[in-house]
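Trainee: Numbering (my numbering), first residue to last: 287 to 621.
Supplied in structure tokens, the structure appears directly below.
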């Protein structure tokens, strides 16, 4: 079948009409995309910031749509079902990672921007095991960011296995950070948002968290050894030593975004009268996605979005690149 899309042909280039051929395998579903978001990660892929983008690139790694066709072996979805699709489109389902339920680490996975086409299109063909039924309580446009940003922060939090009512913080309260605040508050933890931008104060408080000015040295000093868990969503260089000093002796720091420049760190901060841990988190498993959606539906977790027609894709990309958007831009409709 022929898929109509928009593709970027070179680093930083515009999205322009593009078509490609796709086959529907027995485990696949054909999804008519109704909504797709433009995340900062999409713009970084367009600009080849990580050096692994393959062109032509059909970006957008968070999408919502309706199943139009299902392969012969797909039993859990049928035409008309509303589903969400994220960064990962396929896995081998035979390697050790897939067999133990961490298929996001599969060496043969297919992902948007690296070796797969994304959601800046009318349709996408995806392994049905990576198309997730959306609970009726969730709005299509507002739930679109959940399918990569949402599961990424949720999975990073879940891996910490935090006790109830832990003292936690989110470093950086942009798109990823605001979602993390929502999940942590919904889980019943005592939550703080760390940002150097005073303009974020009202938003952080509205989400039920304490605002801490990360540029205020006295405020940071007062909170040393305070947090059981910190989630970093920053993609700019930051003082990692200062953040680790905020952790309790057995505190954990999870990193879900990477600055493009190296960040220095003193290893001694990990064992200085403690047993602290730093770990990274790459998206999430299929099981993480299901649990994340259940929590989002139960606690009405949906980030703010600005909806624009798909025909204005290049305008949306430029606005995200220039940091002119609060929340997430979601493109609606077809070409």
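The C-beta atom is built at its ideal place from N, Cα and C for all residues, glycine as well.
Here the structure is a predicted model, which means the values were calculated and not measured.
Does the region 583 to 597 touch the region 561 to 572, meaning 3 or more C-beta pairs lie closer than 8 angstroms?
Mentor: No, the region 561 to 572 does not touch the region 583 to 597.
Trainee: Identify the continuous alpha helix (DSSP H) that holds residue 512 and give its terminal residues.
Mentor: Position 226 of the chain shown holds residue 512. Counting along the chain, residue 512 falls outside any alpha helix (DSSP H), and DSSP gives it neither H nor E.
Trainee: On a CA-only basis, which of 340, 515 and 534 is nearest residue 399? Give me that one, please.
Mentor: Counted from its first residue, the chain shown places residue 399 at position 113. Of 340, 515 and 534, the residue nearest in Cα terms is 340.
Trainee: Name the DSSP beta bridge partners of residue 402, please?
Mentor: Within the chain shown, the letter at position 116 stands for residue 402. BP columns for residue 402 point to 398.
Trainee: In three-state DSSP terms, what is residue 292?
Mentor: Residue numbering aside, residue 292 sits at position 6 when the chain shown is read from its first letter. DSSP places residue 292 in strand when its eight states are reduced to three.
Trainee: What whole-angstrom Cβ distance do residue 598 and residue 461 have, given they're in contact under 8 angstroms?
Mentor: The residue given as residue 598 occupies position 312 in the chain shown. The residue given as residue 461 occupies position 175 in the chain shown. Wrong, their Cβ atoms sit about 19 angstroms apart, outside the cutoff.
Trainee: Classify residue 519 as buried or exposed, calling it buried when 16 or more other Cβ atoms lie within 10 Å of its own Cβ.
Mentor: Mapped onto the chain shown, residue 519 falls at position 233. Label assigned to residue 519: buried.
Trainee: Establish whether the CB of residue 452 and some CB of chain D are separated by less than 8 angstroms.
Mentor: Protein chain content of the structure displayed is limited to a single chain, and chain D is not contained in it.
Trainee: Let me know if residue 401 comes out buried or exposed under the rule of 16 or more other beta-carbons within 10 Å of its beta-carbon.
Mentor: Taking the chain shown and counting its residues from 1, the one referred to as residue 401 is at position 115. Answer is exposed; the Cβ neighbour count stays below 16.
Trainee: Using three-state DSSP, classify residue 418 as helix, strand or coil.
Mentor: Here residue 418 is taken as the residue at index 132 of the chain shown, counted from 1. Residue 418: strand per DSSP, three-state reduction.
Trainee: Consult DSSP for residue 547 and reduce its assignment to one of helix, strand or coil.
Mentor: Mapped onto the chain shown, residue 547 falls at position 261. Residue 547 falls in the coil class under three-state DSSP.
Trainee: Is the CB-CB distance between residue 541 and residue 437 below 8 angstroms?
Mentor: Here residue 541 refers to the residue found at position 255 of the chain shown. Here residue 437 refers to the residue found at position 151 of the chain shown. Contact: no.
Trainee: Could you pull out every residue in the same chain whose Cβ sits closer than 8 angstroms to the Cβ of residue 421, ignoring the five residues on either side in sequence?
Mentor: As a working mapping, residue 421 is identified with position 135 in the chain shown. 579, 580, 582 and 583, listed in sequence order.
Trainee: The alpha helix (DSSP H) with residue 382 in it runs from where to where?
Mentor: The sequence position of residue 382 within the chain shown is 96, counting from 1. Unbroken alpha helix (DSSP H) run through residue 382: 382 to 385.
Trainee: For a quick check, are the C-beta atoms of residue 308 and residue 411 less than 8 angstroms apart?
Mentor: If you number the chain shown from 1, residue 308 lands on position 22. If you number the chain shown from 1, residue 411 lands on position 125. Yes, the Cβ-Cβ distance between residue 308 and residue 411 is below 8 angstroms.
Trainee: Quick one: what's got a C-beta closer than 7 angstroms to residue 331's C-beta in the same chain, skipping five residues either side?
Mentor: What you label residue 331 is simply residue 45 of the chain shown in a count that begins at 1. Closer than 7 angstroms at the Cβ level, and outside the excluded window around residue 331, lie 339, 343, 345 and 399.
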